[in-house]
Amino acid sequence: RARARARARARARARARARARARARARARARARARARARARARGSHATPAAPASQRSTKFWRTRRSLWSRTSFV
C-alpha cells in the first residue's frame with residue numbers, strides 16, 4: 001500500500017512537471033510571437049533604416065534604436 005501511494009505521488013509529480021514544462025513552452029511561444037509582432041511593426045511604417053555596418057554601433061544609431069524600441073513613431 002505504501003509503495004502504491006509512493007507510485008501515485010511520483011505520478012502526480014511527473015504530471016506537475018509536465019504541466020510546468022507545457023506552461024514554459026507556451027510562455028516561450030507567446031514571447032516569440034510578441035517578438036515577431038514587434039519585428040513586423042518595425043518593418044512596417046517605422047522600419048529602421050539599414051545603417052552601414054561601420055556606423056551601426058555609433059551612439060547615433062544606438063539612440064535611434066532605443067527610440068524605435070520605445071516609441072512607435074520616429
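Note that full-length UniProt numbering has the sequence shown beginning at 1, numbered continuously upward.
Using N, Cα and C, we set each Cβ at its ideal position, and we do this for glycine too.
- Rounded to the nearest whole angstrom, the C-alpha separation of A32 and R1 is 46 Å.
- Within the same chain, no Cβ atom closer than 6 Å to the Cβ of R3 is found once the five residues on either side in sequence are excluded.
- R17 and R35 have their alpha carbons spaced roughly 27 Å apart.
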